[in-house]
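Note that full-length UniProt numbering gives residue 147 to position 147 of the sequence shown, counting from 1, and the numbers run on in steps of one.
We put the beta carbon where it would ideally sit given N, CA and C, even for glycine.
Small disclaimer: the values here were computed from a predicted structure and weren't measured.
Data first, discussion second: the structure below is written as structure tokens.
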Amino acid sequence: MRLKKIGRGAIASILSVAVGLGLTACGRDYTVGYIYATTAQGTAGLLNGYKVDYQQGYLVQLANSPLPTGGKNPVTVVASPDHLSIYVVHRDDSSVVHFLIGTDGKVYPQKTYNITGSFATDASIDPAGKFLYVTFTYQNTILPDGTQQQLYTPANPGPGGVTIFPINADGTLNAPSTFNLGRSPVKISATSPGHFVYVIAQDGETSANLFGFTQNPNDGSLTPLPGVTINSGNVVSTGFQSGGTPAGILVDSSGGHLYITDLALNDVMAYSIAPTGIPSLIATVATDLAPSGLTIDMSGKFLYVASTGAGAIDGFTLGSNGAPTPSTVSPSVQVGTGPTCLSMIGAPSTGDPTHAIYLYASNSLSSNISGTQMDPATGQLIQVQKTPFGANALPSCLVAVPAVPGR
Numbered sequence: 001m002r003l004k005k006i007g008r009g010a011i012a013s014i015l016s017v018a019v020g021l022g023l024t025a026c027g028r029d030y031t032v033g034y035i036y037a038t039t040a041q042g043t044a045g046l047l048n049g050y051k052v053d054y055q056q057g058y059l060v061q062l063a064n065s066p067l068p069t070g071g072k073n074p075v076t077v078v079a080s081p082d083h084l085s086i087y088v089v090h091r092d093d094s095s096v097v098h099f100l101i102g103t104d105g106k107v108y109p110q111k112t113y114n115i116t117g118s119f120a121t122d123a124s125i126d127p128a129g130k131f132l133y134v135t136f137t138y139q140n141t142i143l144p145d146g147t148q149q150q151l152y153t154p155a156n157p158g159p160g161g162v163t164i165f166p167i168n169a170d171g172t173l174n175a176p177s178t179f180n181l182g183r184s185p186v187k188i189s190a191t192s193p194g195h196f197v198y199v200i201a202q203d204g205e206t207s208a209n210l211f212g213f214t215q216n217p218n219d220g221s222l223t224p225l226p227g228v229t230i231n232s233g234n235v236v237s238t239g240f241q242s243g244g245t246p247a248g249i250l251v252d253s254s255g256g257h258l259y260i261t262d263l264a265l266n267d268v269m270a271y272s273i274a275p276t277g278i279p280s281l282i283a284t285v286a287t288d289l290a291p292s293g294l295t296i297d298m299s300g301k302f303l304y305v306a307s308t309g310a311g312a313i314d315g316f317t318l319g320s321n322g323a324p325t326p327s328t329v330s331p332s333v334q335v336g337t338g339p340t341c342l343s344m345i346g347a348p349s350t351g352d353p354t355h356a357i358y359l360y361a362s363n364s365l366s367s368n369i370s371g372t373q374m375d376p377a378t379g380q381l382i383q384v385q386k387t388p389f390g391a392n393a394l395p396s397c398l399v400a401v402p403a404v405p406g407r
């Protein structure tokens, strides 16, 4: 590498920028962020970690990957808004494990926390990063010795709930509280900037399986929205219309729209959200077979749905009213077998090095991660180099975490 004669101050400025970008001299580290994927093994879960190449979007396994998740059958992984922690949620032992993210992307387990119910299903963190919400299948009771006992079973089903963990500044969790729900809660979204939380359930006795709540920003507690009825015991609770078998839920960054995938009817439903938090259905659009996870790009123009049964990512363009229409450039892009979760990272740039937008999918049945690059103008998806990327057996979910400058 050759440098023309320039002033000492200019050199110092260049070096400062280079350090900020993670670039040093001729040996450059083009890492835009990291991907963390859980594998749903019943005996001991594993966490695969990858760094994301800045220019091409391909994945490289981190040096300590994979490592144990600290529990059985992890079902999801979520990242804190400050990008310094991730939380792995385990179904079979009803626990959450907190990991800190190092400056090199490696993760380090900190502590295991028990949820207040049995069989965790999903998790979400509010935009302020103050509360972690974990849905569970069955409620527990507290015995005289302080231990928990499961109240219901598949043979004797009953309602579930949400465990609410306050999050400290260092990412550790405080003592949780519980909010009881109806039967079979499966997914939750607490990301609305308007302090609303939404849950979908799969209670076969009703098609009103969308539940909305206001969030108290001080203690994280939930209050049902008008039109939501939560009943105790093995009876139906009702919310808003949600289709046949809701499987995925997402609230856009504005908090003005909500999207639900329907595993049985093969569609995605779009809702507008009133200032009161009440959702109103505005559109239902067909997808490929068995849609599940979904995501929206940073601009809010494009929606992507993982179609588990088709092994594809379905693309949609979002109208000004939030209604999706099938993409004309990427209506269905093949990935691996059984995609479950989707996560995006990156931002468009014309600088050197280039910095694209990448979308990744966890493929549960082909045991790998698929990577695609998104055109920010059209939403078109193009497979990245070297995709798919190997993972341990049965990836259940993944999350993309941007690298934090200056760490």
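Between residue i and the rest of its own chain, which residues show a CB-CB distance below 7 Å, the 5 nearest in sequence each way excluded?
| i | result |
| --- | --- |
| lysine 111 | His98, Thr172 |
| proline 127 | Pro81, Thr191, Pro193 |
| glycine 20 | Because the pLDDT at glycine 20 is just 37, under 50, the model does not fix this residue reliably, and the value given afterwards should be weighed accordingly. Pro405, Gly406. |
| alanine 283 | Ala270, Ala323, Pro324 |
| alanine 312 | Asp288, Ser332, Val333, Gln334, Val335 |
| phenylalanine 389 | Tyr50, Leu59, Asn368, Ile369, Gly371 |
Taking 9 Å as the threshold (C-beta atoms), are residue j and residue i in contact?
| i | j | result |
| --- | --- | --- |
| isoleucine 278 | leucine 225 | yes |
| isoleucine 230 | glycine 256 | no |
| valine 75 | threonine 38 | yes |
| asparagine 209 | glycine 239 | yes |
| threonine 340 | serine 362 | yes |
| proline 68 | leucine 100 | no |
| residue 408 | proline 157 | The requested residue 408 does not occur in the structure, where the chain is confined to residues 1 to 407. |
| alanine 247 | serine 189 | no |
| glycine 86 | lysine 187 | Reading the sequence as shown, one finds isoleucine at residue 86 and not glycine. Not a contact, by the Cβ cut-off of 9 Å. |
| serine 396 | serine 366 | no |
| glycine 315 | valine 335 | no |
| threonine 276 | proline 185 | no |
| glycine 204 | isoleucine 167 | no |
| glycine 45 | glycine 70 | yes |
| glycine 300 | serine 232 | no |
| arginine 183 | serine 237 | yes |
Spatial neighbours of residue i within its chain, please: C-beta separation below 6 Å, excluding the five flanking residues on both sides.
| i | result |
| --- | --- |
| valine 401 | Gly33, Tyr34, Ala79, His83 |
| arginine 28 | Residue confidence is low: arginine 28 scores 48 on pLDDT, short of 50, so the model does not pin down where it sits. Its coordinate-derived value is still stated next. Closer than 6 Å at the Cβ level, and outside the excluded window around arginine 28, lies no residue. |
| glycine 309 | Leu289, Ala290 |
| arginine 91 | Asn73, Val75, Phe119, Ala120 |
| isoleucine 296 | Asp252, Leu303 |
Could you have a look at residue i and say whether DSSP puts it in helix, strand or coil?
| i | result |
| --- | --- |
| serine 65 | coil |
| glutamine 241 | coil |
| lysine 187 | strand |
| glutamine 334 | strand |
| tyrosine 152 | coil |
| isoleucine 101 | strand |
| proline 405 | coil |
| serine 272 | strand |
| methionine 374 | strand |
| asparagine 48 | strand |
| valine 199 | strand |
| serine 80 | coil |
| threonine 387 | coil |
| glutamine 56 | coil |
| glutamine 139 | strand |
| methionine 298 | coil |
| aspartate 314 | strand |
| leucine 263 | coil |
| alanine 393 | coil |
| valine 399 | strand |
Using alpha carbons as the reference points, say which of the options lies closest to residue i.
| i | options | result |
| --- | --- | --- |
| residue 420 | Asp92, Thr31, Val88 | The question about residue 420 has no answer, for the chain in this structure spans 1 to 407. |
| phenylalanine 302 | Leu294, Thr308, Gly309 | Leu294 |
| residue 465 | Phe119, Thr69, Ile260, Tyr152 | The chain is shown from 1 up to 407; residue 465 falls before or after that span and cannot be answered. |
| proline 176 | Ser254, Arg407, Asn114, Tyr87 | Asn114 |
| serine 192 | Gly212, Asn174, Val186, Asp170 | Gly212 |
| aspartate 104 | Ser65, Thr214, Ser292 | Ser65 |
| valine 384 | Ser370, Pro376, Ala169 | Ser370 |
| threonine 328 | Val335, Ile382, Tyr271, Thr317 | Thr317 |
| valine 399 | Thr325, Met344, Asn392, Gly379 | Met344 |
| proline 331 | Gln380, Ala283, Val197 | Gln380 |
| tyrosine 58 | Asp375, Pro376, Asn392, Tyr360 | Tyr360 |
| glycine 227 | Gly220, Thr214, Asn218 | Thr214 |
| glutamine 202 | Thr245, Gly319, Asp93 | Thr245 |
| threonine 206 | Tyr198, Val235, Phe196 | Val235 |
| alanine 306 | Ser320, Asn321, Leu342, Gly319 | Leu342 |
| phenylalanine 196 | Pro144, Ser124, Asn180 | Ser124 |
| aspartate 252 | Asn218, Tyr198, Gly220 | Tyr198 |
| glutamine 55 | Asp170, Thr387, Thr378, Gln373 | Gln373 |
| aspartate 219 | Leu258, Phe165, Asp375 | Phe165 |
Please go through the same chain and pick out, in chain order, the residues whose beta-carbon is closer than 8 Å to the beta-carbon of residue i, but skip the five residues on each side of it.
| i | result |
| --- | --- |
| threonine 116 | Phe136, Asn140, Gln148, Gly161, Thr163, Pro176, Ser177, Thr178 |
| leucine 143 | Gln149 |
| threonine 153 | Tyr138 |
Check whether the Cβ of residue i lies closer than 8 Å to any heavy atom of the ligand FMN, and answer yes or no.
| i | result |
| --- | --- |
| tyrosine 108 | This structure simply doesn't include the ligand FMN, nor any ligand for that matter. |
*Does the pairing of the region 255-268 with the region 284-302 give three or more beta-carbon distances under 8 Å?*
The way I'd put it, the region 255-268 does touch the region 284-302; three or more beta-carbon pairs between them come closer than 8 Å.
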